[in-house]
Amino acid sequence: MSGWNVIVIGGGHAGLEAAWAAAKFARTALLVGNPATIGRMPCNPAVGGPGKSQLVFEVQALGGLMGRLADDTAIHTRVLNASKGPAVQSLRVQNERDAYAERAQDVILGHPEIDVVRGEAADLEPDGNGGWFVVTTDGRRLHTRSVVVAAGTFMRGVTWYGRHSRPEGRQGEPPSRFLSEALARGGHVLKRYKTGTPPRVRADSVRFADLLEIPADPQPRGFTGRPGPRATESPTWQTHTTPETHRLIQENLHESPMYAGDIEGLGPRYCPSIEDKVVRFAHHDRHLLFVEPDGVQTSEVYLQGFSSSLPPALQDQLVRTLPGFEAAVIQRYAYAVEYDVVDSTELTLNLESRLLPGVFTAGQINGTSGYEEAAAQGLVAGTAAARRAQGLEQVRISRETGYLGVLLDDLVFKGSDEPYRMMTSRVEHRLVVRQDNADERLTELGFELGLVDQFRRQAVAEKYRRVGEGMRSLQTQRLQGQPGDVWLRRPEFTLEDVEALGLNLPDLSADEREALTIRVKYAGYIERAERQLASEDKARGLSLLGVDFAGITALSNEAREKLGRAKPATVAQAARVPGVRHADISALLVHLRRGTTVSRET
Numbered sequence: 006m007s008g009w010n011v012i013v014i015g016g017g018h019a020g021l022e023a024a025w026a027a028a029k030f031a032r033t034a035l036l037v038g039n040p041a042t043i044g045r046m047p048c049n050p051a052v053g054g055p056g057k058s059q060l061v062f063e064v065q066a067l068g069g070l071m072g073r074l075a076d077d078t079a080i081h082t083r084v085l086n087a088s089k090g091p092a093v094q095s096l097r098v099q100n101e102r103d104a105y106a107e108r109a110q111d112v113i114l115g116h117p118e119i120d121v122v123r124g125e126a127a128d129l130e131p132d133g134n135g136g137w138f139v140v141t142t143d144g145r146r147l148h149t150r151s152v153v154v155a156a157g158t159f160m161r162g163v164t165w166y167g168r169h170s171r172p173e174g175r176q177g178e179p180p181s182r183f184l185s186e187a188l189a190r191g192g193h194v195l196k197r198y199k200t201g202t203p204p205r206v207r208a209d210s211v212r213f214a215d216l217l218e219i220p221a222d223p224q225p226r227g228f229t230g231r232p233g234p235r236a237t238e239s240p241t242w243q244t245h246t247t248p249e250t251h252r253l254i255q256e257n258l259h260e261s262p263m264y265a266g267d268i269e270g271l272g273p274r275y276c277p278s279i280e281d282k283v284v285r286f287a288h289h290d291r292h293l294l295f296v297e298p299d300g301v302q303t304s305e306v307y308l309q310g311f312s313s314s315l316p317p318a319l320q321d322q323l324v325r326t327l328p329g330f331e332a333a334v335i336q337r338y339a340y341a342v343e344y345d346v347v348d349s350t351e352l353t354l355n356l357e358s359r360l361l362p363g364v365f366t367a368g369q370i371n372g373t374s375g376y377e378e379a380a381a382q383g384l385v386a387g388t389a390a391a392r393r394a395q396g397l398e399q400v401r402i403s404r405e406t407g408y409l410g411v412l413l414d415d416l417v418f419k420g421s422d423e424p425y426r427m428m429t430s431r432v433e434h435r436l437v438v439r440q441d442n443a444d445e446r447l448t449e450l451g452f453e454l455g456l457v458d459q460f461r462r463q464a465v466a467e468k469y470r471r472v473g474e475g476m477r478s479l480q481t482q483r484l485q486g487q488p489g490d491v492w493l494r495r496p497e498f499t500l501e502d503v504e505a506l507g508l509n510l511p512d513l514s515a516d517e518r519e520a521l522t523i524r525v526k527y528a529g530y531i532e533r534a535e536r537q538l539a540s541e542d543k544a545r546g547l548s549l550l551g552v553d554f555a556g557i558t559a560l561s562n563e564a565r566e567k568l569g570r571a572k573p574a575t576v577a578q579a580a581r582v583p584g585v586r587h588a589d590i591s592a593l594l595v596h597l598r599r600g601t602t603v604s605r606e607t
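Sequence positions in the sequence shown follow our numbering and run 6 to 607.
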């Protein structure tokens with residue numbers, strides 16, 4: 006078949022979501038080199054974590070796929086930062102790696118509106134009428150209205166094992182050889198990034214009794230509200246590096262392609278290799294490592310935190326210095342991968358190329374790292390590509406919407422000079438945009454976009470109607486002269502404690518009880534954050550013309566330097582200058598309020 010509304014290039018996490026979203030509007034093609042690699046988890050077999058679970062909950066609220074796949078194949082779930090406030094609590098789901106890919110393939114290959122086409126994209130050619138031809142290496146010209154390029158780490162991909170390299174997109178898979186040239190010819194500036202993975206170790210060669218076992222939460226959670234049937238079946242474990250590990254690395258840094266100068270790509274600051282950790286944090290005598298199974302009946306485990314590009318023979322020695330791994334047998338060696346990315350500041354907020362209208366990019370090609378960031382971009386790009394193909398109005402997701410809005414805003418207006426990773430610290434009003442209220446915030450938007458059906462929309466509305474009913478019930482019942490919500494605000498009290506005192510609540514689900522508890526306990530903080538958000542929204546248009554940034558001592562040194570160089574005309578423009586943080590914007594607003602004459606830009 007030919008003549009699709011959308012062609013998605015690449016079947017990783019970004020490509021999956023892009024095809025899934027686009028197919029809700031019209032016929033879509035997914036162009037992949039090998040359908041058996043669709044949905045593969047090339048790095049850690051897990052979804053979620055700090056800053057990332059919030060993205061997955063938002064993708065789920067918008068009708069996306071990742072949360073469903075993660076829940077269906079979960080073997081271990083844990084809420085991280087559970088002892089802290091709800092703004093930073095994050096769900097992490099350990100998955101059965103092969104089952105995740107199999108489930109993704111079942112969904113995509115069985116979708117009536119998705120055609121999986123096997124081939125390698127060689128070029129992108131405009132059709133002269135606002136559409137595109139995707140030209141494959143075997144000469145086919147596949148016509149479409151919109152294209153989503155979700156090439157991951159494959160564009161001119163090169164893997165490194167020590168000082169030796171070979172063309173690969175990831176271990177054992179050929180690279181995308183020609184897309185870089187097509188994008189560069191269209192005017193895009195390409196950058197070179199690098200990332201890596203740890204070794205996978207044969208499970209039967211590990212002494213698990215010597216490791217610290219981390220059990221799954223006894224009451225499993227899920228992104229979809231229905232945890233998978235095997236969500237507590239497996240623990241994970243912890244081990245750590247030793248002085249011997251560090252000595253071997255220090256003595257063999259010349260074997261690292263990064264330290265030898267072979268790799269030109271920029272690596273991720275927040276997911277460094279074990280070589281980087283040992284060099285940058287030389288004062289530490291150990292680094293914590295997480296041992297994660299690839300499945301319940303797994304043949305191998307994943308050494309989270311031990312990413313490396315050192316030679317295989319040296320990896321054998323290094324792994325055997327870890328407690329519990331003295332007899333370890335590496336089944337798949339760690340490697341680094343270098344690849345091309347586009348400059349994300351050349352995109353719109355819907356991830357459409359400003360230089361090649363109708364071409365969208367999503368995932369690691371935009372300079373991000375991580376499955377979750379890729380999936381979120383895929384959902385946005387696939388939706389926008391399909392709406393463009395059908396002549397529908399584009400809808401842009403603002404920064405204030407949540408983690409997804411922050412991700413898009415950062416990529417488009419700030420760009421990145423290293424693989425971008427979503428973190429809770431990047432989100433200014435994270436108490437307002439928590440993982441638990443993603444459905445409340447975004448389901449209606451998903452419905453308006455055509456991604457969420459009426460049944461789901463009504464289910465979410467009913468959920469929060471019941472939560473509201475529970476809050477009113479607490480507020481109207483009294484104990485010892487005080488309303489029930491006042492009792493629940495006490496730090497030592499839970500909802501169960503209040504009920505034990507004799508208060509009656511409506512029949513609520515676990516998710517609804519959590520929502521009720523958060524709303525009551527954090528009511529004052531949430532209201533204050535919402536007021537601040539509204540105040541900042543009003544302040545975005547304030548003029549900064551004539552402001553002497555160097556003279557504002559409350560600004561960070563980096564902000565003074567970069568604002569002085571960029572000379573933004575408004576507060577909104579200042580907030581988009583790379584290196585300027587939320588605290589710096591607050592300092593600017595305080596400065597403006599202290600008698601500086603300000604005007605509003607129109």
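Note that beta-carbon positions come from the ideal geometry of N, C-alpha and C, so glycine has one too. Computed from a predicted structure; not experimentally measured.
- By the 16-neighbour rule on beta-carbons within 10 angstroms, Leu114 is exposed.
- If only complete runs of 3 or more residues are kept, the stretch 348 to 407 shows the beta strand (DSSP E) at 364 to 366, in order along the chain.
- In this structure, Trp9 places its C-beta atom within 8 Å of the C-beta atom of Thr149.
- The DSSP assignment places 293 to 298 and 305 to 309 as complete runs of the beta strand (DSSP E) inside the stretch 251 to 331, in order along the chain (cut-off: 3 residues).
- Within the model, the alpha-carbon separation for Met428 versus Ile590 is close to 19 Å.
- Contact annotation: Arg123 and Pro40 have beta-carbon atoms nearer than 8 Å.
- Excluding residues up to 5 positions away in sequence, Val194 lie with their Cβ nearer than 6 Å to the Cβ of Asp348 in the same chain.
- Within the DSSP secondary-structure output, Ser548 pairs in a beta bridge with Thr575.
- Using a Cβ-Cβ distance cut-off of 8 Å, the stretch 66 to 79 and the stretch 445 to 452 are in contact, since at least three pairs of beta carbons, one from each stretch, lie closer than that value.
- Collapsing the DSSP output to three states places Asp516 in a helix.
- The residue from Leu547, Ala464, Asp345 and Val582 with its alpha-carbon nearest to that of Glu517 is Ala464.
- For a cut-off of 8 Å, the C-beta gap from Ala26 to Asp120 is around 16 Å, too long to register as a contact.
- Around the Cβ of Gly17, a 10 Å sphere holds 16 or more other Cβ atoms; the residue is buried.
- The alpha-carbon of His245 is positioned some 6 Å away from that of Leu327.
- Judged by DSSP in its simplified three-state form, Ser421 adopts coil rather than helix or strand.
- A straight-line Cα-Cα distance of about 7 Å links Arg393 and Gln399.
- Residue state for His169 is assigned as strand, using DSSP reduced to three classes.
- A check of alpha carbon separations from Asn134 across Thr142, Ser151 and Ala126 identifies Ser151 as the nearest.
- In the structure shown, Ala236 adopts coil according to DSSP, grouped into three states.
- For Val595, the uninterrupted alpha helix (DSSP H) run begins and ends at His587 to Arg598, by DSSP.
- Between the C-alpha atoms of Val342 and Gln99 there is a straight-line separation of about 24 Å.
- Contact annotation: Gly329 and Leu253 have beta-carbon atoms that are not nearer than 8 Å.
- Of all alpha-carbon atoms in Leu308, Thr229, Arg285 and Arg182, the one lying nearest the alpha-carbon of Gln243 is that of Leu308.
- One Cα belongs to Leu416, the other to Leu60, and the distance between them is close to 15 Å.
- Here DSSP, grouped into helix, strand and coil, assigns Phe452 to helix.
- For Gly489, the enclosing alpha helix (DSSP H) has its first and last residue at Gly489 to Leu493.
- Between Leu568 and Val585, the CB-CB gap stays under 8 Å.
- In this structure the stretch 559 to 577 does not lie against the stretch 473 to 484, because fewer than three pairs of beta carbons, one per stretch, are closer than 8 Å.
- Between Arg168 and Glu260 a beta carbon distance of about 7 Å is seen, short of the 8 Å cut, so the two are scored as contacting.
- In this structure Ser88 is exposed. Its beta-carbon is surrounded by fewer than 16 other beta-carbon atoms within 10 angstroms.
- In this structure, the beta-carbon distance from Thr78 to Arg226 does not fall below 8 Å.
- The beta carbons of Thr237 and Gly72 sit about 18 Å from each other, so the pair does not count as a contact at 8 Å.
- Annotation for Arg325: Glu331, Ala332 and Ala333 place their beta carbon closer than 8 Å to its own, counting only its chain and skipping 5 residues before and after.
- Arg146: member of the beta strand (DSSP E) spanning Arg146 to Val154, first to last residue.
- In this structure, DSSP gives Met160 an extended state, which the three-state scheme calls strand.
- Ser181 and Glu125 do touch by the CB rule: their CB atoms are close to 7 Å apart, below 8 Å.
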